[in-house]
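To start, the structure under review is shown below, and the notes come after it.
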Amino acid sequence: MKRGWQAAIAVLLLVFAFFAVESLRLSLRDALGPGPGFFPFWLSVAGGLIGVALLIQVQRGTVEFETPVLKFELRPVGQVLAGVVLATALLELAGFRIAMLALLVYLLLVLGARNWIAITLFAVTGSFGVYHLFSGLLKVPLP
Amino acid sequence: MEGLQYLASGFAAAMTPANLTFALVGCILGTLIGVLPGLGPAAGTAILIPLTFTLDATGAIIMLAAIYYGAMYGGTITSVLINVPGEAASVVTCLDGYQMARQGRAGTALGIAAIGSFVGGMFAALALVVVAPPLARFALSFGPPEFFALMFLGLCLVTGLAGQSLAAALLMTVLGLLLALIGIDPVRGAPRFTFGIPELYDGIGFVPVVMGLFGVAEILLVVESPFRRSVWTKLRGLWPSAEEWKRSGGAIGRGTLIGFLLGLIPGVGAVIPTFMAYILEKRLSRHPEKFGTGVVEGVAAPETANNAYANAAMIPLLVLGVPSSPTIAILMGAFIVNGLTPGPFLFKERPDLVWAVIASFFIGNVILLILNLPLVGLWARLLKLPYQYLCAGTLLFCIVGAYSLKGTLFDVGVMLVFGVIGYAMRKLGLPLAPAVLALILGPFMEKSLRTSLEMSGGDFGIFLTRPLSAALLACAALILVVSAFRIAALKSLRGGGS
């Protein structure tokens with residue numbers, strides 16, 4: 000868990016550094032008072048200082064973690080994310096109905112569903128049914 | 000009682016067939032979300048926002064508010080029947096509710112929970128009617144420094160109560176505020192942190208972000224460690240006995256007061272009132288040793304506090320424009336999506352909408368009572384839904400919701416990125432609530448700060464020379480100091496214990 004927190008704080012410090020540098024490119028003050036860079040710059044500075052303080056606390060072991068060990072089950076998470084990213088990429092190419100039909104069948108199989116009748120019914124309802132609900136009834140255009 | 004006059008006109012607007020339907024649909028969807036383990040009120044409200052895109056603002060807010068308090072109630076059903084809380088606020092209900100179910104008294108537990116929720120919700124809604132008009136009028140006298148101080152106080156309350164590390168909560172607050180500043184500068188019109196991407200000129204969409212942080216992240220956590228359910232309890236007699244009524248009366252009254260009072264304080268969250276109500280009943284009981292073995296007060300008190308909290312938490316949002324929890328922040332996002340800014344000016348500019356929404360709270364509580372007493376068996380059947388279908392369906396709704404916001408894949412991408420960020424944050428135990436609240440309050444805070452500094456010619460003293468602003472900032476500082484001491488004291492207690 001300690002390494003996880005250190006990595007997260009390091010990423011956040013980079014984010015704050017980016018915001019600070021970009022804020023300096025905008026004006027901190029102008030003729031009317033504080034400029035567009037004023038608030039984000041001082042927030043980034045505050046974030047950086049808090050981040051460093053937290054990093055020191057983590058290093059010294061004074062932060063109590065909810066669980067001592069950080070465990071990831073990356074395989075199912077990766078499989079689900081890959082499917083969603085691919086379906087999103089196909090959304091405007093293949094259309095909502097085809098992309099979502101494929102995604103739902105893929106997700107159900109990856110997650111362990113094996114009843115083909117239920118899978119087919121759910122996937123058809125979730126793709127064609129939802130399309131008609133949003134496009135027809137709710138007038139929300141989908142590709 | 001000017002509030003009652005406004006409320007009468009609110010009822011006239013809320014009782015139209017269309018708005019009644021929206022309230023009913025919202026209560027059904029909310030209860031469904033609460034019943035399904037893995038989906039909390041925040042995730043549920045976020046992923047269902049797109050359903051309201053084509054509705055008028057009043058109908059949309061009525062439906063989303065109904066989803067919110069429906070979800071708060073729905074979690075009770077799983078707590079009692081399978082010992083799995085549908086959302087965090089129902090955790091404490093498991094202690095006695097599940098034991099009652101094991102003794103064949105699940106029906107009574109659910110019945111008293113529904114009745115207690117109804118009483119708590121109605122009291123809080125009535126208190127809102129009384130409190131809102133004078134408080135809104137008072138808040139109309141606020142200038143930019145007072146609004147900045149008020150929002151700062153709200154963020155400090157949420158930050159101070161979020162988790163075991165104050166520094167981590169502060170870090171999340173700063174991150175949320177910075178992300179909120181992406182887009183066109185609201186005062187000067189200059190683009191900031193946009194990388195030249197046109198979609199970012201409007202800022203990062205709040206709806207895709209919360210869909211990712213709550214909806215997608217929740218599903219990733221579920222697929223990582225799927226839940227299995229095998230327990231099934233048959234339901235009999237929902238109406239409590241005379242003895243149970245007698246024992247529950249006081250618990251319902253005290254739970255109502257605790258839930259209502261804590262609902263007024265931003266950052267408290269729904270969990271603390273339920274635990275406080277439970278602990279108070281245990282302390283007051285002549286047989287505290289029986290708590291945890293299936294006593295009816297152990298269900299009545301937390302469930303009442305839960306619903307009183309849910310309704311009372313709308314007061315800071317509607318009257319002051321300060322959300323008190325992530326779910327309320329999502330509701331505030333729904334107001335903004337509909338072109339409305341919650342706060343005292345909304346009472347002045349759109350009283351028709353505000354009072355229709357407030358009237359809908361009463362209607363929603365009645366609908367929930369009807370839905371949850373006779374139809375509880377139907378909800379219980381939903382527990383048999385395999386988790387695979389729940390996960391796939393939720394992801395589908397997230398994609399549809401994010402895409403339909405502006406009809407671009409960019410928002411779906413934002414949702415997925417924040418889904419991964421939310422998943423990582425939850426795994427690491429970093430608090431989400433401060434980041435979400437900061438994200439919604441960021442633009443308003445910046446505008447108030449800069450307008451205040453323009454008024455004073457750049458002098459920060461303006462925040463200290465105005466009495467109300469100074470008092471609010473002093474409260475904020477006090478809360479941060481007390482939170483730091485509280486965390487240090489907890490650590491030393493644990494250290495001593497070990």
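Going line by line, the protein sequences match chains A and B. The opening position of the first sequence corresponds to residue 0 in numbering that gives the first Met the number 0, with each subsequent residue numbered one higher. The opening position of the second sequence corresponds to residue 0 in numbering that gives the first Met the number 0, with each subsequent residue numbered one higher. Here a beta-carbon is modelled for each residue, glycine too, at the ideal position from N, C-alpha and C.
My assumption, with CB atoms under 8 Å, is that residue 96/B sits in contact with residue 70/B. Please give the rounded CB distance.
Not quite, the Cβ-Cβ distance comes to about 17 Å (not below 8 Å), so this is no contact.
I want to see whether chain B comes within less than 7 Å of residue 1/A, judged by CB atoms only; does it?
no
In chain order, what residues of the same chain lie with their CB nearer than 6 Å to the CB of residue 94/A, ignoring the 5 residues before and after it?
142
List the residues of chain B that residue 62/A touches, going by C-beta distances under 9 Å, in chain order.
163, 164, 166 and 167
Mind listing the chain A neighbours of residue 403/B? Cutoff is C-beta to C-beta under 9 Å, in chain order.
133, 137, 139, 140 and 141
Give the residues of chain B in contact with residue 97/A, contact being defined as C-beta atoms less than 7 Å apart.
In chain order: nothing, as chain B lies at least about 14 Å away.
Nearest-angstrom Cα separation, counted from residue 77/B out to residue 6/A:
37 Å
Kindly indicate if chain A contains any beta-carbon less than 7 Å away from that of residue 388/B.
yes
Compute the minimum distance between the beta carbon of residue 398/B and the heavy atoms of the ligand SAH, and state whether it is under 6 Å.
Of ligands this structure carries none, so the ligand SAH is not represented either.
Does any residue of chain B have a CB that is nearer than 7 Å to the CB of residue 127/A?
no
I'd like the span of the alpha helix (DSSP H) that includes residue 115/A, first residue to last.
115–123
Name the residue from 183/B, 310/B and 322/B whose alpha carbon lies nearest to the alpha carbon of residue 158/B.
322/B
Counting only Cβ pairs nearer than 8 Å, list the residues of chain A close to residue 224/B.
72
Cutoff 6 Å; reference residue 499/B; Cβ partners in own chain excluding five residues on either side
The requested residue 499/B is not part of the displayed model; chain B covers only 0 to 497.
Member of 4/B, 46/B and 221/B whose CA lies at the smallest distance from the CA of residue 74/A:
221/B
Do you know offhand how far residue 421/B's Cα is from residue 290/B's?
36 Å
Find the nearest neighbour of residue 366/B within the set 25/B, 9/B and 12/B, judged by alpha-carbon distance.
25/B
Could you say which of 156/B, 121/B, 491/B and 120/B lies nearest to residue 477/B if we only look at CA atoms?
156/B
DSSP state of residue 104/B, grouped into three classes?
coil
If you measure from the beta carbon of residue 496/B to each beta carbon in chain A, is any gap under 7 Å?
For residue 496/B, the predicted structure reports a pLDDT of 47, less than 50, and the residue's modelled location is therefore unreliable. The matter cannot be settled from this model.
Any contact between the segment 334–348 of chain B and the segment 278–292 of chain B? By contact I mean 3 or more CB pairs, one from each, below 8 Å.
no
Mapping the DSSP letters down to three states, classify residue 59/A as helix, strand or coil.
helix
In chain order, what residues of the same chain have a beta carbon less than 6 Å from the beta carbon of residue 359/B, not counting five sequence neighbours either side?
13, 22 and 61
Can you find a CB in chain A that lies within less than 7 Å of the CB of residue 192/B?
yes
Chain-ordered chain B contacts of residue 56/A [CB-CB under 7 Å]:
166
Do you know offhand how far residue 139/A's Cα is from residue 81/B's?
38 Å
Who pairs with residue 182/B in a beta bridge, going by DSSP?
191/B
Whose C-beta lies closer than 7 Å to the C-beta of residue 26/A among residues of the same chain, with five residues either side of it excluded?
34, 35 and 36
In whole angstroms, what is the alpha-carbon distance linking residue 462/B and residue 145/B?
8 Å
Straight-line gap, residue 313/B to residue 115/A (C-alpha atoms, nearest Å):
45 Å
Quick one: what does DSSP say residue 297/B is sitting in, helix, strand or coil?
helix
Interface partners of residue 46/A on chain B, CB under 8 Å:
170, 173, 174 and 177
Within 7 Å (strictly less), CB to CB, does residue 77/A reach chain B?
no
Chain-ordered residues of the segment 20–36 of chain A with a beta carbon less than 9 Å from chain B:
21, 22, 25, 26, 28, 29, 31, 32, 33, 34, 35 and 36
Using the Cβ count rule (16 or more neighbours within 10 Å means buried), how would you classify residue 496/B?
Any answer about residue 496/B is weak, because its pLDDT of 47 lies below 50 and its placement is not dependable; what the coordinates show is given next. By the 10 Å Cβ count, residue 496/B comes out exposed.
Is it buried or exposed, residue 466/B, if we count other Cβ atoms within 10 angstroms and call 16 or more buried?
exposed
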